[in-house]
Amino acid sequence: MQQVIVVGNGMVGYKFCEKFVAQAESKDFKITVFGEEPRPAYDRVHLSEFFENQDAKALEMAPAEWYAEHNVDLITGERVADINRSSKTITTAKDREFSYDYLVLATGSSPFVPPIKGVEKEGVFVYRTIEDLEDMLAYAAKINAEKPDGRAAILGGGLLGLEAGKAVLDMGLEPHVVEFASKLMPRQLDSRSSQVLQLKLESIGLNIHLSKATNQILGDGKITAMEFGEDDVLDVDMLIVSAGIRPRDELARACGLDVGVRGGVVVDNTMKTSDAHIYAIGEIALYNQMIYGLVAPGYDMADVAVQQIIGNTDKIMPADIDMSTKLKLIGVDVASFGEPFMPASKGHSIIFENKTQHLYKRINVSHDGKKLLGGILVGDAADYSMLHQVYLNGMAIPEDPAQLILPTSEGGALLGDVMDLPDEAQICSCESVTKGQICGVIESGEATDLGSVVSCTKAGTGCGGCKPMVADLTNATLKSLGIEVKDSVCEHFDYNRQDLYKIIEVKGYTTFNEVLDNHGNGGHGCELCKPLIASLMATIHADTANKEYAIQDSNDRFLANIQRNGTYSVVPRVPGGEITPDKLIALGQIAKKYDLYTKVTGGVRIDLFGATLNQLPLIWKELISHGFESGHAYGKSLRTVKTCVGSTWCRYGMDESVSFGIELENRYRGIRAPHKIKGGVSGCIRECAEARGKDFGLIAVEGGWNLYVGGNGGANPRHAELFAEQIDNATVIKYLDRYLMFYMRTAKPLQRTAAWQERLEGGLDYLKEVIINDKLGIADDLEKEMQTLVNKFECEWTQAVNDPEMMKRFNHFVNSEDEDDNLVFVPMRDQKMPEPWA
Amino acid sequence: MENILDTYCATNIEDVTVWFKAASVADFPVDGGACVKYKNKQIAVFNFSRLGKWYACQNLCPHKMEMVLSRGMIGDDKGVPKVACPLHKKTFSLENGENLNGDLEAIATYPVKIDAGSVYIGFTE
Ligand SMILES: Cc1cc2nc3c(=O)[nH]c(=O)nc-3n(C[C@H](O)[C@H](O)[C@H](O)COP(=O)(O)OP(=O)(O)OC[C@H]3O[C@@H](n4cnc5c(N)ncnc54)[C@H](O)[C@@H]3O)c2cc1C
Ligand code: SF4
Ligand code: SF4
Ligand code: FES
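Which chain is which? The protein sequence lines are S and V, in order. If you're matching positions, the first sequence starts at 1344 in this note's numbering and goes up one per residue. If you're matching positions, the second sequence starts at 22 in this note's numbering and goes up one per residue.
See below:
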């Protein structure tokens, strides 16, 4: 039995083990892995997700049991301190000795911290491990508790720095990205794309400072500011250093292995170091005089080392390594592939730029115009996967290459079909999965849907960038085999939402059990189909959420938004945002009486947080007595119609935006839809109500209203599209009745109007045909259905507080009047908040 | 905070020494749950009427240690009766407490019996 010792249990060290144990030959070897970190290897690429849920387990590459089950000895929390090459042994920091036949260095790298004066101060962090993130979160919480407008800087405007910038934003601090170079992501972007990216990032709240060299970090013990020049000082409460990486080659240096001038252990194309018994892989390995700071090349190196050790010596590392990257920032698309900057001697570039839409696309094409050599995409990277494939596989490009990046409306061509890719095309570069492998597992019947394709091939489990393409390939292959691609709602029904809508409507079912018993698969329902059918019942029969409350989603069940400690928030309707001083006072008094944290919402309403289940009906009784009604903030239903003051007050106003906004909000209040719906009405084109960011938006113009549909904020912001121009109030209502009802009938579960409208075959033109020209002959029905919903509206809270049976629902215990004794609140800026999660 | 988990131990029907009378059958929603207070414990009790069965488990969700499971929706995962936490929809088997869509610790389950219109939960102490 030969001994293999792996030093470092990071992403690549883990991948080595995974690939090793998958080989039949591995039974002749015993693997021992040492990791300095306290936990088994985790997915560093998705480290930022830790900010969302602080769930370290969710990031694990494999649970600790996996190693045991595969006969791998995993020793975490123990650093390897020394290598003795002559005796082929290693010594750990706990002074234990182990001998090896093969040693694999996978020690990765550590963040580079430039030697700036004051960098040791409290409040300066790096961004590499889960512990780093935990420390940052704790520090940010301290800052947030001390002051409302804390700031954090990020030193370094590269890929990682920008990701850290987003994390700072999510931690509730004001982010400032400080970059030494004159552009962002200097390794991936040219100056023009960097400028476009800067505009985009500034629009989501990141402050960017370019060409800044930091002289020193100021503060007494803890950081308070960064100094660039004499009078150039930026006040900050926290700093995250993201200025590059340094390979952790200290072990290799100490035992005399060849290392590069700027660090890293020199390896050849078999991943061997200058000692034939020692391999180096991942971010420690210096290959082609390069450290590749990406996970995909690291995985390839792991594969090569595995094959070499088991004796398959033909397997070597390719000379060219693909460095294409896509930034994972939510809401900002940035990608570069191949050669992003190219000297004119090698080919020419085609550039498309639209600064107002934060769009920049550049492709580099060979002189003969036949090959795509690389490119940069900012603002819209939807075509990244396809362009990347065209580049990787040297596929033919259109005669006029500009068509690859021009918007289709301006002569751009739709990119080819995924099925046109050659079988060898590498779809997932992290796991080296080809198109042939993906199609193969489906054709052989091994996989029958996206989930099983992913588990059979591992495609999409690395950086996740290829997921959309894997999904497209899966669907296309299934289709080519004549297998119907089901979009059934869950395991309990073989129908999609639209089918169920028709079934319930035609058969007149009124309860969940009737639908399940007659059309289900024999199961008992779940958290996917129950709320869906509840929503359909509401659309078809105008039921409120009180009718069958056990099938309602978490929020609808108690007519309030559940917050992270299990208490609720209360949002009364304030139509159009108009509220009398008396009502405002009433809200304040009620909030005070029940000690509720109070905040103005993004939809300009007032949100009262921290109500216990038992308090909800008491609070609502009082609100109702002051003339309030439910705001449906908890439902997949109309939230608000945001308005500007319009011609009532504003000197530019062209029409009464508030009056119309109130009318619309009162018209559509309470209707249940596939997802939430928001509206906006602006009194003129200055658009103060941000109506184009809503599902429906109106802007007053000369001669009537312009109607826009299908916009939203959220993770993928979209502007609404112009639907009709200069129409009067009655026409607006007619079109909106039809539009919303059509959406409620045909969208998928949890699909917002933007996504629905985009995926409608025929797009906006088709939608206009149906809504305006009544192409399907259903306009009358749509209007009637909507009118029924409007007529049958009832305030759910008024219903609930007047019915003693319904009131029973709002008790934490069935057998006691007590409140939940597990609740802990802590003070925050003169109000309270739930204790942070551990 | 974690030690609050130790308050809850899975209990087998053979080991029950106390049958606690919690409330009447009518106090629980059909195919839904409610929370019962027993000493310092919070127990989620579900009336799975489609199966004609009752289930009880800790009210504490092991994901973020909040007392919320009784407010979750019930259903089945390939035939295994389950509850979905209302906060992040982690699902747990009502039969043995296992986390069905992740690898959280299993939750503690308790036996339930119905006698003369009342719901009883079994404890060992
Ligand atoms: C926030 C963030 C986002 C990223 N995003 C992307 C991305 O989108 N795409 C991409 O391709 N890459 C990304 N990366 C880079 C990617 O994470 C790395 O390329 C990858 O983790 C390298 O793997 P590795 O195993 O070589 O090193 P590591 O994952 O760093 O693992 C090395 C391990 O070895 C341990 N170790 C070191 N010395 C010793 C010793 N002497 N004894 C025992 N253990 C030791 C270390 O503690 C560490 O756990 C990102 C990195 C970060 C930090
Ligand atoms: S959108 Fe026009 S009318 Fe409305 S507040 Fe702004 S400037 Fe005034
Ligand atoms: S309120 Fe919305 S944006 Fe804010 S943390 Fe919750 S889900 Fe995210
Ligand atoms: S607290 Fe239960 S799933 Fe998160």
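Glycine included, every Cβ here is placed at the ideal spot set by N, Cα and C. Predicted model, so just to flag it, every value in this text is computed and none were measured.
What are the residues of the stretch 51 to 62 of chain V that lie near chain S, defined by any Cβ-Cβ distance shorter than 7 angstroms? Look at the stretch 51 to 62 of chain V: the residues with a C-beta under 7 angstroms from a C-beta of chain S are Val51, Asp52, Gly53, Ala55, Cys56, Val57 and Lys58.
Between which two residues does the alpha helix (DSSP H) harbouring Asn40(V) extend? Residue identity differs from the one stated: residue 40(V) is Trp in this sequence, not Asn. Looking at the DSSP string, Trp40(V) is not in any alpha helix (DSSP H); the run it does join, the beta strand (DSSP E), is Val39 to Ser45.
So, using beta-carbon positions, are Ser114(V) and Leu125(V) closer together than 9 angstroms? no
Bounding residues of the alpha helix (DSSP H) (the contiguous stretch that carries Asn1856(S)): Phe1855 to His1862
Buried or exposed for Gly1865(S), going by 16 or more other Cβ atoms inside 10 Å? exposed
Every unbroken beta strand (DSSP E) within the stretch 1579 to 1649 of chain S, with a cutoff of 3 residues, ordered by chain: When DSSP assignments are scanned along the stretch 1579 to 1649 of chain S, the uninterrupted stretches of beta strand (DSSP E) that are 3 or more residues long and fall wholly within it turn out to be 1581 to 1584, 1588 to 1590 and 1621 to 1623.
Measure the alpha-carbon distance for Gln63(V) versus Asn2165(S) and round it to whole angstroms. 10 angstroms
Cβ-Cβ distance between Ala1496(S) and Met1569(S) below 9 angstroms: Yes, they are a contact pair.
Under 9 angstroms, Cβ to Cβ, is there at least one residue of chain S near Ile95(V)? yes
Does the beta carbon of Ala1724(S) fall short of 8 angstroms from some heavy atom of ligand 1? Result no, Cβ not under 8 angstroms from ligand 1.
Short of 8 angstroms in beta carbon distance, which residues of its chain neighbour Ser1369(S), apart from the five on each side in sequence? Order them along the chain. Phe1363 and Ile1653
State yes or no: is the beta carbon of Trp2180(S) nearer than 9 angstroms to at least one beta carbon in chain V? yes
For Leu1402(S) and Leu1390(S), the rounded distance between their alpha carbons: 8 angstroms
Comparing C-alpha positions only, which one of Lys1845(S), Asp1676(S) and Ala1819(S) sits nearest to Gly1783(S)? Gly1783(S) has its Cα closest to that of Ala1819(S), out of Lys1845(S), Asp1676(S) and Ala1819(S).
Taking the straight line between their C-alpha atoms, what separation do you get for Ala1745(S) and Phe1359(S)? Approximately 42 angstroms, taken between the alpha carbons.
Taking C-beta pairs closer than 7 angstroms, name the residues in chain S that Val101(V) reaches, listed in chain order. Those within 7 angstroms of Val101(V) in chain S number zero; the least Cβ separation is about 10 angstroms.
Between the stretch 1519 to 1529 of chain S and the stretch 1483 to 1491 of chain S, do at least 3 Cβ pairs fall closer than 8 angstroms? The stretch 1519 to 1529 of chain S, when compared against the stretch 1483 to 1491 of chain S, does not touch it at the 8 angstroms Cβ threshold.
Quick check: what's the CA-CA separation for Gly1607(S) versus Gly1953(S)? If I take the Cα positions, the gap works out to 53 angstroms.
Looking at the C-beta of Val89(V), does it have a partner C-beta in chain S at a distance below 9 angstroms? Answer yes: the Cβ-Cβ gap between Val89(V) and chain S drops below 9 angstroms somewhere.
Could you tell me whether the Cβ atoms of Pro1873(S) and Phe1855(S) are closer together than 9 angstroms? For the record, residue 1873(S) in the displayed sequence is Lys; it is not Pro. Yes, the pair counts as a contact, with Cβ atoms nearer than the cut-off.
If we count the other Cβ atoms within 10 Å of its Cβ and call it buried at 16 or more, is Tyr1995(S) buried or exposed? exposed
Assess, as a yes-or-no matter, whether the stretch 1476 to 1489 of chain S is touched by the stretch 1369 to 1382 of chain S under the definition of 3 or more beta carbon pairs within less than 8 angstroms. no
Whether Gly1572(S) touches Asn1550(S) by CB criterion (9 angstroms): no
In whole angstroms, give me the CA-to-CA distance for Ile1624(S) and Tyr1410(S). 20 angstroms
Burial state of Glu1408(S), where buried means 16 or more other Cβ atoms lie within 10 Å: exposed
Mapping DSSP to helix, strand and coil, what is Pro102(V)? strand
C-beta neighbour in chain V for Pro2017(S), strict 9 angstroms: no
Given 8 angstroms as the limit, tell me if Val1423(S) has its C-beta closer than that to any heavy atom belonging to ligand 1. The answer is yes for Val1423(S).
So what does Lys1565(S) bridge to, in DSSP terms? Glu1465(S)
Which whole-angstrom value is the C-beta distance of Thr1432(S) and Ala1424(S), which I expect to be below 8 angstroms? Going by Cβ atoms, the distance from Thr1432(S) to Ala1424(S) rounds to 12 angstroms, so no, they are not a contact pair.
Assign Arg1900(S) to one of three DSSP states: helix, strand, or coil. helix
Express the C-alpha separation of Gly1641(S) and Val1675(S) in angstroms, rounding to a whole number. 26 angstroms
Determine the contact status of Gln148(V) and Tyr141(V), defining contact as a CB-CB distance below 9 angstroms. A question about residue 148(V) goes unanswered here, because the residues of chain V that appear run from 22 up to 146.
Cβ pair Gly1717(S), Pro1683(S) closer than 9 angstroms: In this structure, Pro1683(S) lies closer than 9 angstroms to Gly1717(S) by Cβ.
Between the stretch 1389 to 1401 of chain S and chain V, which residues of the former have a C-beta closer than 8 angstroms to a C-beta of the latter? Asn1396, Asp1398, Lys1400 and Ala1401
Proximity test, Val1608(S) beta-carbon vs ligand 1 heavy atom, cut-off 8 angstroms: no
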